[in-house]
Structures are given as C-alpha cells and as structure tokens.
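Numbering (our numbering), first residue to last: 2 to 996. We put the beta carbon where it would ideally sit given N, CA and C, even for glycine. Because the structure is a prediction, the values reported are computed rather than measured.
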Amino acid sequence: MTVPGRRSSTFIRLLRSGFTDPSAAARLLDSDALASVRTDPVLLDALGATADPDLALLGLVRLAEAQSDDERPVLLDTLVSAKPLRDRLLRVLGASEALADHLARHPRDWHALVTYEAADLHPGLAEFERGLARAHDPIALRVAYRRCLLSIAARDVCGTIDLAQTAAELADLATATLRAALRIASAAAPEDAAQCRLAVIAMGKCGGNELNYVSDVDVIFVGDAANGAEEAKALQAATRLASHLMRICSETTIEGTIWPVDANLRPEGRNGPLVRTLASHLAYYQRWAKTWEFQALLKARAVAGDPELGAQYVEAITPMVWQAAERENFVADVQKMRRRVVDNIPASQVDRELKLGPGGLRDVEFAVQLLQLVHGRSDASLRSGTTLDALHALAAGGYVGRADAAQLGDAYRFLRAMEHRIQLYRLRRTHLVPEDEADLRRLGRSLGLRTEPVAELNKAWRRHASVVRRLHEKLFYRPLLDAVAQLAPGETRLSPRAAGQRLEALGYADPAAALRHLEALASGVTRKAAIQRTLLPVMLGWFADSADPDAGLLNFRKVSDALGKTPWYLRLLRDEGAAAENLARVLSAGRLAPDLLMRAPEAVALLGDPEGLQPRTHEALEQEVLAAVGRADSAEAGVVAARGVRRRELFRTTAADIIGSYGTEERPAEEDPGALVDRVGNAVSDLTAVTIAGALRAAVRNHWGETLPTRFAVIGVGRFGGHELGYGSDADVLFVHEPREGVDEQEAAKAAQAVIAEMRRLLQLPTADPPLLIDADLRPEGRSGPLVRTLPSYAAYYRRWALTWESQALLRAEPVAGDIDLGRRFIDLVDPLRYPSEGLGEEAVREIRRLKARMESERLPRGADPTLHTKLGRGGLSDVEWTVQLIQMRHAWSEPGLRTTRTREALAAAHAAGLIPTEEAQILDEAWVLATRVRNAVMLVRGRAGDTFPTEARELAAVGRYLGYAEGTVGEMLDDYRRITRRARAVVEDLFYGG
C-alpha cells in the first residue's frame, strides 16, 4: 500500500513544482542516471524554479546519461552541492532545448557554468576571444561559440545580467566570432591575407552592441592594398577572405550554424561589390546613397580586421550620418522604409510580430533613430548606436520627456526580453510570439510570470505594445507642447531651435508658424488650454500623417478659435473617440472641407455622431429645404437657408469621403473605391437637386404665390442626371414648361423665363455659402436656342432637327425638380430618341465616332498631358462614357438593363447582357472610377475644380494620400494612372472604334 501512496505524494509534489506531465517526470526521476540525487529535495525545488521543469528534467537526464562513469558523479555531486551551478544549469536546460542538445553532444561543456568569479559574471570581448582562441576550423568554432553562448544564456536566465548587458555580451561574442572567422580564413589563404588590408564594420544590432541570441549579423567590408600590392588584386584577395569569413559563420555543418553574415547594407546592396576601398565607399555615399543608408550607418562600428582602416572608415562616414536630416525628403524616406517593412509582413502574422508589427521593436528603434538624426547634428551626446542609451540621452537632453522615455524604455526591454527567450528555446531566428499554450507558458515563466503565466504574459505584452503604438505622441509631440507651454516644471525643455528642427523633420514646412499656433492653443491655465494640451500631441501626429501638416494645424486653430468657448466642442473632441481623429483628417486633407467647415464651424458636431457621416436621403433633404424656404420671409432668405443646408451636407459628404479614403486607427480605409465614388455622386447629385427645388419654390412664391402660371420641370442631364456629380461639377439641366389651362402661351413662356432667371440669381447671390451654377447649354440649338421650351416644341425640334449627339446627351436625362408629371412626360418623349428602335444605324455610329475623334483632337487644352487628363485624356472619363453610351444606343431597345442614366450601372448591364467581356468591363470600370476620384481629389485639395493632376508638390501628394498612396509615392500613383487608363484606351479602341 505504500508504493501507490509514495507515487501519489510524488505526483502531487511534481504538479505543485510546475511539471505539466508529472507521470513522465516521475519516470525520468526514476532513471538510473539520476539514481544518486532523485530523492534530494533541493533538486526538485530547483527544477520547479525553471521556465519549463519538464524540459529541464529531460535535459538533465540526457546530460547525465552522456557523461562517462567517472564524470557523472562529479556532475551530480556538484549539482546538489553548488547552488550557482544548479541554478545556471537547470535554468538553461529549462529555457533552451537547443543548448540542452549541445550539452548532450558535448557533455563536458557543463564545466563552463561552474566557475563563479567576478570576471565570469561580466566577461568582455577579451574573455570571449580567449574562449574561441583554440578554434582553428569552422566546426571547432561552432562548438566554442555555443560554449560561450551557454555562459551568456546562464547569466541571462538567472538574472545575473540585465537585458542590455545580455545584448552587449552577445554583440561582444559576435565580434570575437568575426575575428576568429577572419583568422581562420586568413590562415587558409595566407597569400590573400598578405596582399590586402580588410576591415569588418558591424552594422545593425551588432554594431549597436544590442544583438539578439539569433540574428543576422550585418556587416560592411572595407579593403585596401597591403605590402605594395596592386589595388585590383588586393580587392580580389580581400573579397575572397570576406566571402570565406561569411561561409565560416553561415554554413550549416554537423554542429549546425552560428548565424548568417549579411553584407546587403553595403553600397548598391547585392548588386555592389562585396569589398570596396574607403575612397569608393565615400564616393558612393556622397553621390548616390539614400536616406535609409545613413540611418543604417548610425550603428556602424569597426569590429574586426585592420583596426586602422576600420577607424578611418567610421571617422569618414560619421559627419555624413549627422548631416542626413538636412537631405531633401528626409522624413518621407524614413517613413517609407518603415512602411515597406510593415507591408511585407504576412497578414496572418502581424498580430504575433514582436519586431516588425504595429507596437513592435522596430517602431521604437525607428523613432529613436529619427530623433537622433534630427537632433544629433547639433548635439553629439545623442550619437549612440545603442537604442536604450540613445533614448536615455534624448531624455537627458530634454528632447523627450523623462517619464515617457522611462515608460518606453520599459516597454522596449520587455519586448526584447520576450524576443530573447523565444529565440533561446531552439536558437532559431524568429520574432513571432508562439501560439502553442505550452510555448507561451514556458515564455511567461522565463520572464518571471508564475501565477498565471499565459494570461499574465499576454496582458503584459499588450500593455507594452500599446505604449509603443503611442510612442509618436510621446516622443515627438509632447516635448513640442512643453517647449511652448511649460507642461512639466523642472524638465529640460526643447530649445526653440530644436523644436523648429523637429517640426521641420516631421513634415511642417513653416515650423515658426506651427510653434506660434501651438503656443496660442496650449498656453494658459484655462480649461480650454488644458483640454487642448491633452488633445494636441495626438492631433499633431495625425496632422503629420497628412500631406499638409501646416494647413491641418492652422485650420485646427481657426476652428478652436471659433468654437473654443462653446462647451460641447472640446468635450466632443475629448470624449468622442473618433471625433478628434476625424477632425484632424478633414482639416489636413485639402482646402474644400475646411473652407466649408469654417463657414459654419458647428458642423464639426457631425464628426462625433456615429451616424453623422451617413448621407441623408433625397426625401429627408428635400423636406428640410422646402420647409426652410416656406418659413423664410423672402426669396433671398429662403435660398440662403437652402444653400446653408447644401453647405452643411457638402461638408458631411466631403468629411465622409476623406475619412473613408484615409481610414482611421479604428477603421481601415474603404477597400472599394467604386463605393466611395457612388456615395459622393449620389450625395452631391441629391443635394444639387433639392437646392434647385428650394430655389424654384422660393422664386415662385416671391412673384406668383403658390402657383406658377405654367407647369415647370427641371431635367438633369450629363453628370447631374447620371447621379455622378463631383464636388466641382456644374449642374447641367434642361427646362421644360407647359402652360396651365386658360393661360396665354406667351405669358406662360415669360413666366418660365422669369422663374429661371430668378433661380439663377438666387443661387449665385454673394453669401458665405458656395454658389450653385446652372448650365443649360445642352438644350436644343445650344446657347442660340430658347432657354425653356414646351413639350410640343421639344418634340418638333427633336423630330426635325436633332443630331445624333443630342440623342446621346439625352441618355442621362432625368427629372430632378419641379412638376413630377411633366418631367415624366418629357422622359417618355425622349426615350425613343435615346433608345432607338432596332438600335443605331451604321451612319449614326460613324457620326458618333467622327465627333469623338474630333473632340479628342480639338478640345484637349493646349499643353495638357493626354495621359493624365481625367476627362478628355487617353482612357479617361470621355473614353469610357462614350463607349458605354454607344452600347446603350445600339442595344438598349432590346436590353432593358441598359436603360439607365448611370455609367457604372449601364456598364454592368452591358456585361450582364454579354455585350462586353468580363475583363474589359472591369478595365473600363476601374479607369472610370479612378478618373472620377482624381477629379474629386483635385477639388478637395485645391478648393477649385480641375481635370488633371496638380503640379504643386504638396497638392499632388495630398491627391496621392486621398487615393491611398503613401507619402513619397506620387511617381507610383502617376504610373498607375497611366497604366490603368492605357489599358482602358485599348478596350475603347476595340469596342468604340471597332478595333
């Protein structure tokens, strides 16, 4: 009965000690290899203190079994009697399966963990060089390297050294390894070694003395002739030595590999020579180097080979590094590199990426390096290649807040510690947080989280990643506010010069003006200033993310000046999560939306309402406008009210469009650009229709009371009738009237003419609201014909005189205001013209093609680039619309789906009817949507309409941001536009011109 009892108590004790498989652990403890220590309570307690007791026990059994009969008692006696060895050995075995494998293969290497002298606690480069000195071939070097790594890992997992010391020791070990590898390579080719001088420059984390357990070691090689050798031959010899050094470290052998040596940071990357002279390096950096290359050189450190040549290299490139912030497009280049890193992460891994994902290690490193490059040109104390040292120096110099730097440093240390422990387990290069529960448990316990290791780990990781995600606010913008508003008494503050440099580096073109705006917004002791100080660090980051940060900040000051005393305004921005970001996006995306907002700043309330950016229905808008006109004392007051509704709704539409195009931190940008185009087209067209309806009601009431002597209807044509109006479009219309019973035809015509004149006057009155221009030039006989006709007059004209293009123009005719029945009868009149029975004849088709060809040659503005003109250019709006309209006129008589005024609907119907192949329909739709969005973007950015891309750099960049292109990629945007429209033109040549 005692055996089961003993087993039961052992089982429980093992469970309490942290073993997840007590039965397997009991069997391992019963193995012959541990016979002399299996009952020792000290051993079980020590195993329970490891990250993974099961793994540690298995590793111990394997190590004991690998010992000789003489050596095993020595190991086990030392294990139970010497706490330093016990802690070091078992904690390594519990954290690293790979090092357990090494010890099983090299069972005497446990002695490397026995000594406990002061020098052993903190070895330097010299100690590691001694540890590798006897390695004379790649395999021996790997074994010696792992032995040294074993001692570092032991100090790390036991807490003898902190994260920074661990990373520095790993960098020292890498340096010693590079020197040993070069020694082995030189011994293998003494003739090459005699001909050249070769310096190895460490870059990246090795150069910065902050290396991981498993990481590429980035290097640059510098060569020169020695002993009177020819330079060309010397460089060939140096290249052979460098290549051999890389193979010694990188190749896989029976003892595995050390780490890859990566020389791709050299000039020209993989396409450039592996070894260059110092003069060649300098010539490249002076003429061709990109900003990111100077950012990388910030960590350059000579580590191996010819010390004099290495020192000369570092001395020569250092001034270039600290002048990099003065280069054109400096910040855009840095941000572009960061985005490229993020964009290359597989979507399935983003949430588990410790290094490259949002809130990851690279975010901290990029931010710190950016601030170093901005301020390090005038402050040498910031010129450290080590991230944590640089962060400390930035805080000491007042460039970032001390508390923020401390919090960010803690987050960086935690994330790096996670990365170290993940890599240590199997000594594999990875930055992904594991998904397996057992792996997460071991990881959490290795970081000292013992109660609920998985839950505690996830909570701590998310907390620290959240700190990093907000680092731009903390590092970049809060010190700017303190510079003007003295937020933290006693802190060293940014000087005006340093604040200006930072604003300039963050994309502000006029840093002096920006500082004045910040001072006006944030200074003082009022509640308003206190809330502004809370909002501004975040707002500044959102402004800097736009193409025109200066405009965003200026517009924010204007809105705040107008609404600052209104209780709800600042409360809205502070308490409604999306409102502040929405406002920042709207204020910095161009001129149109801010101009609309400044005319009635209270519309900012729409940005905080979850439904505030949804377009209102035509019926709701018409009801509001007609009610406002009905309440007004005069026609002028009525139309002012109607135009006020139009302005507010235009702001709603532009804001929704900008936010949908840019996306926010909570909601990504709209993926379907066609949906954005349709939303804008419908909203602006509905808005134009109800405004015209309101002006018509006001004009009639002012002169005739409730009833005009003639029935009157407004027919929308062109983009208006097609529900495709953009922000800068005029309203193309036709007017039709019908005298009421008993009214003289001449009197009715005069009344119709008068009401049109009054509508136009009212809609263009000088007010704070944008005018609405009505264009009736598409009427019969154009400007030479009467402005308004009766139905019989239209019928007579169309029957006798109508040209094919006039029938084509009627394809997009739709009643928009006035007498509903009269409008419907007008549509009945023109249907046979626009959808001719049996389709168009060949002569009519030829006439349309001739007219289109003449328009292409005559109407394109002089000097305009035909590849970039959105309306008349190659593959632009005109090309797509004429192609679709020709199909409608030829086939709508037999295909009811084609009887629509909307281009995209007609295109989809043509595809559904088999008249256009799928690929060609998609090509035309993509080109039409893109050209429409470019026109909308130009109006949003410039505040005035345009059919081609802006030439001013900031405006062009803002158009790019609206279209979803990152900063610094306008060339890519223009190339994409040309490519998409070129493909569309090829389809037009086939479908419209008949190949």
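| Item | Value |
| --- | --- |
| Within a Cβ cutoff of 6 Å, which residues of the same chain sit near V817, ignoring the five residues on either side of it in sequence? | A690, V715 and G717 |
| Candidates S794, M540, M204 and Y728: which alpha carbon is nearest P740's? | S794 |
| Nearest-angstrom Cα distance between L726 and A732? | 8 Å |
| Might you give, ordered along the chain, the residues of its own chain that have their beta carbon closer than 8 Å to the beta carbon of V375, omitting 5 neighbours on each side? | A326, Q502, R503 and A506 |
| Which runs of the alpha helix (DSSP H), 4 residues or longer, sit entirely within the stretch 135-182? | 139-158 |
| Would you list, in sequence order, the uninterrupted alpha helix (DSSP H) runs of no fewer than 4 residues that lie entirely inside the stretch 693-729? | 719-722 |
| Quick check on E128: does DSSP put it in helix, strand or coil? | helix |
| Buried or exposed: K566, going by 16 or more other Cβ atoms within 10 Å of its Cβ? | exposed |
| Between which two residues does the beta strand (DSSP E) carrying G205 extend? | Looking at the DSSP string, G205 is not in any beta strand (DSSP E); the run it does join, the alpha helix (DSSP H), is G205 to G208. |
| In terms of DSSP beta bridges, what is L448 paired with? | According to DSSP, which records beta bridges pairwise, L448 is partnered with nothing at all. |
| Which full runs of the beta strand (DSSP E) of 3+ residues lie inside the stretch 800-837, going along the chain? | 815-819 |
| So, using beta-carbon positions, are V144 and E256 closer together than 8 Å? | yes |
| Using CA coordinates, which residue listed in R850, A47 and A99 is at the minimum distance from V989? | R850 |
| Identify which residue in A406, D55 and D225 has its Cα closest to the Cα of R443. | D55 |
| Taking the alpha carbon of R668 as the point to measure from, which residue in R592, F721 and N583 has its own alpha carbon closest? | N583 |
| Any contact between the stretch 862-869 and the stretch 887-907? By contact I mean 3 or more CB pairs, one from each, below 8 Å. | no |
| My output table needs one value for P5: the three-state DSSP class, helix, strand or coil. | Bear in mind that the predicted position of P5 carries a pLDDT of just 44, short of 50, making it unreliable; the figure below should be weighed with that in mind. Looking at P5 - three-state DSSP - the assignment turns out to be helix. |
| Any idea what DSSP makes of T240, helix, strand or coil? | helix |
| Look at the alpha carbon of A854 and the alpha carbon of L834, and state the distance between them as a whole number of angstroms. | 23 Å |
| Answer with buried or exposed for W929, where buried requires no fewer than 16 other C-beta atoms within 10 angstroms of its C-beta. | buried |
| Name the one or two DSSP bridge partners that E739 has. | R712 |
| Decide yes or no for the touch test of the stretch 557-571 against the stretch 616-624: beta carbon pairs closer than 8 Å, at least 3 of them. | no |
| Go through the stretch 828-916 residue by residue and report every complete run of the beta strand (DSSP E) that reaches 3 residues or more, in order. | none |
| So what does DSSP say about I660, is it helix, strand or coil? | helix |
| How long is the line joining the alpha carbons of L992 and L916, rounded to whole angstroms? | 10 Å |
| Which residues in the same chain have their Cβ closer than 6 Å to the Cβ of N556, if we skip the five residues on either side of it in sequence? | L588 and P595 |
| So L80 and V38 are supposed to be a Cβ contact under 8 Å. How far apart are they, rounded? | 7 Å |
| Are the CB atoms of T292 and R267 nearer to each other than 8 Å? | no |
| Would you identify the three-state DSSP class for R17, choosing helix, strand or coil? | helix |
| Sort T665, D977, R800 and M890 by Cα distance to I924 and report the nearest one. | D977 |
| If you draw a straight line from the alpha carbon of D157 to that of V434, how long is it in whole angstroms? | 20 Å |
| Can you give me the C-alpha to C-alpha distance between R429 and E98, rounded to a whole angstrom? | 11 Å |
| Roughly how many angstroms separate the alpha carbons of A580 and A604, rounded to a whole number? | 12 Å |
| Looking at G877: is its Cβ nearer than 8 Å to the Cβ of T982? | yes |
| If we count the other Cβ atoms within 10 Å of its Cβ and call it buried at 16 or more, is N228 buried or exposed? | exposed |
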